[in-house]
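Per the numbering used here: the sequence shown ends with 506, consecutive numbering throughout. Heads up, the beta-carbon is just placed ideally off N, CA and C, and yes, glycines get one too. Nothing here was measured: the structure is a model prediction, and the numbers come from that model.
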Amino acid sequence: MKIEINERLAKSEGVILPFWSMPNAGAKGKSVLPPWAQDSFAPHEFTGAPGQTASLRLPAFGKKKPGNENMLRTAPDSRIVLFLGLGEKNKCNPHALIASYANALNALKSARCKSVALLLPAGPVGMPPDGFVYALASQLTMADYAFDKYKSREKDSPPKPAIETLLLVPAPPAKSSILPALRAALARGVVLGEAANFTRSIQNEPSNVATPAYVADQARKMAKASSLKCTVLSKPQMEKEKMNALLSVASGSDQEPRLVLLEYRGNPSKKGWDAALVGKGVTFDSGGISIKPAQKMDAMKFDKSGACAAIGALSACSKLGLKLNVVGVAALVENMPSGKAYKPGDIVTACNGQTIEVLNTDAEGRVVLSDALAYTSKKYDPAVMIDFATLTGACVVALGDLASGILSEDDSLVLALTSSGERVGERLWRLPLWPEYDEKVKSEIASLKNTGESGQAGTTAGASFLKSFVGERAWAHIDIAGTADSAKSRAGLCPGGTGVGVRLSLDYLLNFKAPKEKKK
Ligand code: BES
Ligand code: ZN
Ligand code: ZN
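What follows is the structure in structure tokens.
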């Protein structure tokens, strides 16, 4: 799908026309449509309520064929007008508008429109116009993605043709002088959306396909196409590095683990690394010996989403022309029960010498990340480190699927990341990481234990544990357990992986400010 900014609503097979609703319209609201359109919908009123749609098929371009309904429906150039409700102007949330546009685009795709033009909302939407186009373009790019490669095609349900062109048209009286800014924002938004789609395409693969080796191969292929350096550590190499925590989680599986290191040097004159993005990549989390209940265990193929996010974010650094040195790390293992599996009570040693008492083999994410974070800190010494992990069910309980948890001791890093989240529509909500919580993950017989106090602040316990492996630097842990995948389609996206973390980290890098000084 090619997206362009156009000054006028050019001839397209489908057109999306947005309407604000009247203040306090309520259920008995008045139609906000122009009179010529109102007649077509009587007795249904189109009030412009958020997400409300009504579509109207107009006669084929240039030809008038009154009374021939069938002909109109099948005419290749028939025009569908989709009226889209945006809700009340003074109550609007830009990401709710974007979700409505994405759903409207899907409706026109279902109606087999190959070209679509959409009118942008008139007036302020709670974001500058270029910011709105940026976020909208990324969402519409993501709405265009479907995971259907395994679906057999019956004759009677041929695939929907793709939308080939999409025009975004500023609402009049837009000045032509804003067009260059809108075009630049559009280009960036599309890059973000495509990177997120790449992440989703790996996320959605089932664990029998997406093994650690498979995910590493995807990263390697991507790196080749995106001029990144890619190093993949195999099991013997990790043994050499003494990553015995990560290896212990992998030990129950027939699938060998991998550690992927992707290096983007956008500022080659500088020696060090500005940022590291580290992701939990458990390609399937059965819980191991502390096995999970059967219900919804299939969703644990998404336990690799943090790693997929790091890989997807790195895929776009060069396209965005980032003048930064960024490393992406994917820690890939499968967590399975077997005679070789690690067991509750085991004590394992991470590559930085810290010992971990394993009290629950299902709290494997932090064990895997301990080595990945310690290794990244030692090898790259990045100014900022951000990790993405589907770490705790407790985060799903706290925030549901509408926000990821962010835990950090660095207020300015939290502010920068939450602001990025607001811009790209990936909400973050801060949970505490006060030093007092560190006691909860101290072990009687080892440096740390991998569970906190039962039933208490599980997400913070996970982050407190990770804190021991990040060294002295600005660091944020982002728990995406609730946001990595969705069983329902939402905001125009198909069910499955959401690509969470990709747009967020790219927006953060686009607005990167080096931390003032290293934390003492
Ligand atoms: N991968 C899970 C967390 C998870 C839960 C992700 C639900 C997505 C949806 C993680 O490895 C896990 O099982 N964590 C345990 C930790 C506990 C045993 C301390 C949890 O949250 O129950
Ligand atoms: Zn687990
Ligand atoms: Zn897990």
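Checklist line | Rounded straight-line distance, which links the Cα of residue 300 to that of residue 84 | finding: 25 angstroms
Notebook entry, point to check: Near ligand 1, which residues have their beta-carbon less than 5 angstroms from any of its heavy atoms, given in chain order?
Noted result: 271, 289, 346, 348, 349, 351, 376, 378, 379, 437 and 467
Notebook entry, point to check: What residue range is occupied by the uninterrupted beta strand (DSSP E) comprising residue 262?
Noted result: 261 to 271
Next item on the list: Give me the Cα-Cα distance between residue 419 and residue 461, rounded to the nearest whole angstrom.
Entry: 12 angstroms
Next item on the list: Rounded to whole angstroms, what's the CA-CA distance from residue 243 to residue 267? Just pull it up for me.
Entry: 10 angstroms
Check: At what residues does the alpha helix (DSSP H) containing residue 4 begin and finish?
Finding: Counting along the chain, residue 4 falls outside any alpha helix (DSSP H), though it belongs to the beta strand (DSSP E) covering 0 to 7.
Margin query: Quick check: is any heavy atom of ligand 3 less than 7 angstroms from the C-beta of residue 268?
Written below: yes
Note to self: So, for residue 158: in the same chain, excluding its five sequence neighbours on each side, which residues have a beta-carbon less than 7 angstroms away from its beta-carbon?
What the structure shows: none
Check: Under the three-state reduction of DSSP, which class applies to residue 244: helix, strand or coil?
Finding: strand
Margin query: At a cut-off of 7 angstroms, would you count residue 273 as near ligand 2, judging by its Cβ distance to the nearest heavy atom?
Written below: yes
Checklist line | residue 469 versus 375, 492, 491 and 494, residue with shortest Cα-Cα distance | finding: 375
Check: What's the C-alpha gap between residue 199 and residue 187?
Finding: 16 angstroms
Next item on the list: Taking all protein chains shown into account, decide if residue 431 is buried (16 or more other Cβ within 10 angstroms of its Cβ) or exposed.
Entry: exposed
Next item on the list: Provide the residue(s) that pair with residue 372 in DSSP beta bridges, ordered along the chain.
Entry: 263 and 462
Note to self: Buried or exposed for residue 450, going by 16 or more other Cβ atoms inside 10 Å?
What the structure shows: buried
Next item on the list: On the DSSP bridge assignment, give the partners of residue 39 in chain order.
Entry: 70
Item checked: For residue 366, the three-state DSSP class (helix, strand or coil) -> helix
Checklist line | Rounded straight-line distance, which links the Cα of residue 263 to that of residue 245 | finding: 13 angstroms
Notebook entry, point to check: Hey, would you say residue 116 sits closer than 8 angstroms to residue 196, going by beta carbons?
Noted result: no
Check: Which residues in the same chain have their Cβ closer than 7 angstroms to the Cβ of residue 293, if we skip the five residues on either side of it in sequence?
Finding: 201, 265, 266, 267, 316, 317 and 318
Margin query: So, for residue 323: in the same chain, excluding its five sequence neighbours on each side, which residues have a beta-carbon less than 7 angstroms away from its beta-carbon?
Written below: 238, 272, 274, 275 and 277
Checklist line | Distance between residue 185 and residue 230 (C-alpha atoms, nearest Å) | finding: 28 angstroms
Margin query: By DSSP's criteria, residue 379 is part of a beta bridge. Which residues make up the other side?
Written below: Bridge partners of residue 379: none, in fact.
Check: Should residue 392 and residue 382 be called a contact, given that it needs their Cβ atoms to be closer than 8 angstroms?
Finding: no
Item checked: residue 22 burial status per 10 Å Cβ neighbour count (16 or more: buried) -> exposed
Margin query: In the DSSP assignment, the alpha helix (DSSP H) including residue 321 goes from what residue to what residue?
Written below: Unbroken run through residue 321 is the beta strand (DSSP E), 311 to 321; no alpha helix (DSSP H).
Item checked: Unbroken stretches of the alpha helix (DSSP H), 4 residues or longer, contained in the stretch 392 to 447 -> 397 to 410
Notebook entry, point to check: What's the C-alpha gap between residue 250 and residue 215?
Noted result: 7 angstroms
Notebook entry, point to check: If we count the other Cβ atoms within 10 Å of its Cβ and call it buried at 16 or more, is residue 156 buried or exposed?
Noted result: buried
Notebook entry, point to check: Does DSSP put residue 469 in a helix, in a strand, or in coil?
Noted result: coil
Margin query: I'd like to know whether the C-beta atoms of residue 74 and residue 9 end up nearer to each other than 8 angstroms.
Written below: yes
Next item on the list: Just the C-alpha distance for residue 434 and residue 373, rounded to the nearest angstrom, thanks.
Entry: 19 angstroms
Margin query: Quick check on this structure: which residue in 139, 482 and 442 has the alpha carbon closest to the alpha carbon of residue 284?
Written below: 482
Notebook entry, point to check: Closest to residue 447 by CA distance: which of 405, 217 and 351 is it?
Noted result: 351
Next item on the list: Determine whether the Cβ of residue 335 lies closer than 8 angstroms to any Cβ atom of chain C.
Entry: No chain C is part of this structure, which consists of one protein chain only.
Notebook entry, point to check: For residue 252 versus residue 165, is the C-beta spacing smaller than 8 angstroms?
Noted result: no
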